[in-house]
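*Asks:*
There are 2 protein chains.
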Amino acid sequence: MKPTVHDIAAHAGVSLATVDRVLNGRAGVREVTRLRVEEAVTALGFVRDVAAANLAKGRVYTFTFILPANDNSFMIGLRAEVEQAARRASGERMAIRIVDVPAFDTGALVAALEDAQAGMPDGVAFVAIDAAEVRAAAENLLAAGIAVVTLVSDLGGTARTHYAGIDNIAAGRTAGMLTGRFLSGRAGPVLPLAGSLMVRDHRERLQGFSAVMTERFPERAILAPVEGRDDPATAERMVEEALAAHGDLCGIYSFGAGNRGLIRAIERLPTQMRPVVILHELTDVTRLALVADLIDAVLNQDAGHEVRSAIRVLKAAADGSKVVEAQERIRIDIFLKDNLP
Amino acid sequence: MKPTVHDIAAHAGVSLATVDRVLNGRAGVREVTRLRVEEAVTALGFVRDVAAANLAKGRVYTFTFILPANDNSFMIGLRAEVEQAARRASGERMAIRIVDVPAFDTGALVAALEDAQAGMPDGVAFVAIDAAEVRAAAENLLAAGIAVVTLVSDLGGTARTHYAGIDNIAAGRTAGMLTGRFLSGRAGPVLPLAGSLMVRDHRERLQGFSAVMTERFPERAILAPVEGRDDPATAERMVEEALAAHGDLCGIYSFGAGNRGLIRAIERLPTQMRPVVILHELTDVTRLALVADLIDAVLNQDAGHEVRSAIRVLKAAADGSKVVEAQERIRIDIFLKDNLP
DNA sequence: CTGTTAGCGCTTTCAA
DNA sequence: TTGAAAGCGCTAACAG
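Chains as they are written, first to last, in my numbering: chain A, 1 to 341; chain B, 1001 to 1341.
#1: CB-CB under 6 Å to Gly251/A, same chain, minus the five flanking residues each way: which ones, in chain order?
#2: Alpha helix (DSSP H) containing Thr33/A: first to last residue?
#3: Output yes if chain B places a C-beta closer than 9 Å to the C-beta of Met120/A; else output no.
#4: Can you tell me whether Asn339/A is buried or exposed, with buried defined as 16 or more other CB within 10 angstroms of its CB?
#5: Please confirm whether any heavy atom of the ligand MG lies closer than 8 Å to the CB of Ala1143/B.
#6: Taking the straight line between their C-alpha atoms, what separation do you get for Arg88/A and Arg186/A?
#7: Can you tell me whether Gln1272/B is buried or exposed? The criterion is at least 16 other CB atoms within 10 Å of its CB, across all chains shown.
#8: Note the first and the last residue of the continuous beta strand (DSSP E) segment covering Met1094/B.
#9: Would you mind sorting Glu1267/B into buried or exposed? The rule is 16 or more other CB atoms within 10 Å of its CB.
#10: Using the Cα positions of Phe104/A and Ala116/A, report the straight-line distance between them to the nearest angstrom.
#11: Can you check DSSP and say which residues form a bridge with Ile1066/B?
#12: Does His6/A come out as helix, strand or coil in the three-state DSSP assignment?
#13: Quick check: is the beta carbon of Phe1182/B nearer than 9 Å to any beta carbon in chain A?
#14: Quick one, which residues of the stretch 1073–1101 of chain B are near chain A if we go by CB-CB under 7 Å, in chain order?
#15: Taking 9 Å as the threshold (C-beta atoms), are Ala175/A and Ile209/A in contact?
#16: Less than 9 Å between the C-beta atoms of Met94/A and Val60/A, yes or no?
#17: Establish whether the CB of Pro1275/B and some CB of chain A are separated by less than 9 Å.
#18: Let's see if you can read the secondary structure: which residues bound the beta strand (DSSP E) around Ser1210/B?
#19: On the criterion of 16 or more Cβ atoms from any shown chain inside 10 Å, does Arg173/A qualify as buried, or is it exposed?
#20: How close, in whole Å, do the beta carbons of Val1047/B and Val1019/B come, if the pair is a contact with beta carbons under 8 Å?
#21: So with CB distances below 8 Å, who are the chain A contacts of Met1177/B?
#22: Would you list the residues sitting across from Asp963/B in a DSSP beta bridge?
#23: Excluding the 5 residues preceding and the 5 following Val1099/B in the sequence, name in chain order all residues of the same chain whose CB lies nearer than 8 Å to its CB.
#24: On the DSSP bridge assignment, give the partners of Thr1174/B in chain order.
#25: Measure from the alpha carbon of His1006/B to the alpha carbon of each residue in Thr1158/B, Glu1325/B, Val1041/B, then state which is nearest.
#26: Beta-carbon of Val1313/B versus every beta-carbon of chain A: anything under 9 Å?
#27: Output the boundary residues of the beta strand (DSSP E) element that contains Thr1150/B.
#28: Is there contact between the stretch 220–229 of chain A and the stretch 151–168 of chain A, where contact requires at least three CB pairs shorter than 8 Å?
#29: Examine chain B for any beta-carbon lying closer than 9 Å to the beta-carbon of Pro341/A, and answer yes or no.
#30: Check distances from the C-beta atoms of the stretch 1038–1060 of chain B to those of chain A and list, in chain order, the residues that come in under 9 Å.
#31: Using a C-beta to C-beta distance shorter than 7 Å, which residues of chain B count as neighbours of Ala170/A?
#32: Find the residues of chain B that neighbour Ile332/A, judging by a C-beta separation of less than 8 Å, and give them in chain order.
#33: Could you work out which residue in Asp154/A, Leu78/A, Leu193/A, Ser15/A is closest to Leu243/A when comparing CA atoms only?
#34: From what residue to what residue does the alpha helix (DSSP H) around His1305/B run?
#35: Quick check on Ser309/A: buried or exposed, where buried means 16 or more other Cβ atoms within 10 Å of its Cβ?
#36: Check the Cβ-Cβ distances between Arg287/A and every residue of chain B, and say whether any is below 9 Å.
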């Protein structure tokens, strides 16, 4: 039978309360007593029953998720994952509140963060905008003892407990490597298509992409990046213009949203003129395009994993426990048509 | 505040015991009473606190993991993950026993399964050998009400609750696609290097690889697969022989273990003669080779994820609850040197 | 500094 | 067929 606090108390010749104090590192225990208890713990191989502890604490973890009211597939999916997680979490003594804010609106985000802080939750997760005001608001949360997790998009500096998202520089590098290798033997320039170069993730992706192209494929021309504003129509126009200007355009790396437009433009091209296309986020549209050989690879971040990870990290932070590091690293999924989930 | 059994009891005008009987579908409750309770449950939106229930039941989930005493890096890592998970699990009312069996030994595996069954655990996870006797043993477990999860390597038929591992056909296809595309414009044959074609995973990987090569790159010659027996020295010799026989060998897909030997052989080749190499499992050796540009991509299955997933599935099966499907799909990770974790 | 005691939400005897 | 009461392993007042 597994030893319980009672066994420890008996073995150490102290009361339950004292055992509890030692176990939870609370003050008010003489050094000798503490040692006796700790000895008993190791002697009996005691492992605290977390479920029982939480039950006794009657503790309900409260977390606030702040999400941009963005209408692209990825954000819609992210929201759905948070909702689903919230439902399951309610059975595990966690209450998750979801707050919507207008997309790309620094002021609104800051207001939402302040608002969240007023409610004194155990933790806050949000899709960051990398601005000084946001950083300040995040630091306030931390100062108030509230765990802060950035989701999908990170904050510069260290004004957060954890970042649940992919390494965007690595993602850009990966895209560069795939583009370069898939194009071996084919001449022509490559177009980087951003959502907006104002957002940190997109800048980082471009940075990684450019770095690899320069290091590994120096002979390949990289066009100046254009911005599709995460909007299908704009993206489509940008691609059309690039194709018109460069008849030999042979590659596109799209690292923003609005890929429906890009795909429409590609679709109109005769097969043998189609560029190698690498883009981000697996959605209905990009999946179909991959299957139809309109695009060549999709780099993806798993929103479900990001949300679950954020919750685990917030919970661990709330009760000062540790997480399995490897489990919380968000992978850059590379999907070809052959390994689609 | 979340409603508890007390609230239900009060609302329905019955005692706790009766609520419990209804909640757990036990007999001995009049139909009218049952309905009153169920009504209260839905009216108050009651969700049973599983942790508290388990605490009261004093239930400890017992799971047995049967692992091959194999000395390759992957299996060593897998074992370490199980051990780590076992430690954490003991704090969550789960007791995980690890049993070692000689690798590739059907009889020993069957004996271990029977042995496990005798102990009547709640679930068993094991690295399957795809043989009729094993299938029969697994079916016995299921018949005894014990959940069965195959780990890393699956069993044909449906003699299991769940498979925690990658889709090996898809992995082979992915390797084929990468090989074909990375080689565009370069002539020469490609060598499939198996561990053993007796194991199902390896056969499936070869099958997927061959299929893609035939469909998409029909002009590319595929040599007859050779077996490295998961042994570095043998693999090295096989590669040497292939290189000697085919001076223009330009690609190798290695889908077994023992890659240290393969890498040694590659290392000796002048840079411009090196074939495109795709292999499985990220280990110290393969990681270094990737960084050093000796190989081109590593397909990987995350042992930690597989183990955690197996445990979640076993637990869910034990208490008849559902899992998050998407979370339990084991990904085929594609690692280039740019997205190494 | 240490111990006593009453729960947390649920299950489980044992009576009625 | 139903209910009262005692716990599961742990925590948290409140005394001492």
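Cβ atoms here follow ideal geometry from the backbone N, Cα and C, with glycine treated the same way.
*Replies:* Let me lay it out:
#1: Thr179, Leu183, Val190, Pro275, Val276
#2: 31–44
#3: no
#4: buried
#5: Absence of the ligand MG from the depicted structure is noted, as is the absence of any ligand whatsoever, leaving it without description.
#6: Straight-line Cα distance between these residues: approximately 50 Å.
#7: exposed
#8: 1094–1101
#9: exposed
#10: 18 Å
#11: Looking at the DSSP output, Ile1066/B bridges to Val1099/B, Phe1126/B.
#12: helix
#13: yes
#14: Listed by position along the chain: Ser1090, Gly1091, Glu1092, Arg1093.
#15: The sequence given here has Phe at residue 209/A, not Ile. Yes, they are a contact pair.
#16: yes
#17: Contact with chain A is absent for Pro1275/B, since none of that chain's Cβ atoms lies less than 9 Å from the residue's Cβ.
#18: Where Ser1210/B is concerned, there is no enclosing beta strand (DSSP E), although the alpha helix (DSSP H) it sits in stretches over 1200–1216.
#19: buried
#20: Their Cβ separation, rounded to whole angstroms, is 14 Å, which puts Val1047/B and Val1019/B out of contact at 8 Å.
#21: The contacting residues are Leu336, Lys337, Asp338.
#22: In the structure displayed, chain B extends from 1001 to 1341; residue 963/B sits before or after that span and is not available.
#23: Thr1064, Phe1065, Ile1066, Leu1067, Ala1112, Asp1115, Ala1116
#24: According to DSSP, which records beta bridges pairwise, Thr1174/B is partnered with nothing at all.
#25: Val1041/B
#26: no
#27: 1147–1151
#28: no
#29: yes
#30: Val1047, Arg1048, Asp1049, Val1050, Ala1051, Ala1052, Asn1054, Leu1055, Val1060
#31: Asp1338, Asn1339
#32: Asn1339
#33: Leu193/A
#34: 1303–1318
#35: buried
#36: Among the CB atoms of chain B, none fall inside 9 Å of the CB of Arg287/A.
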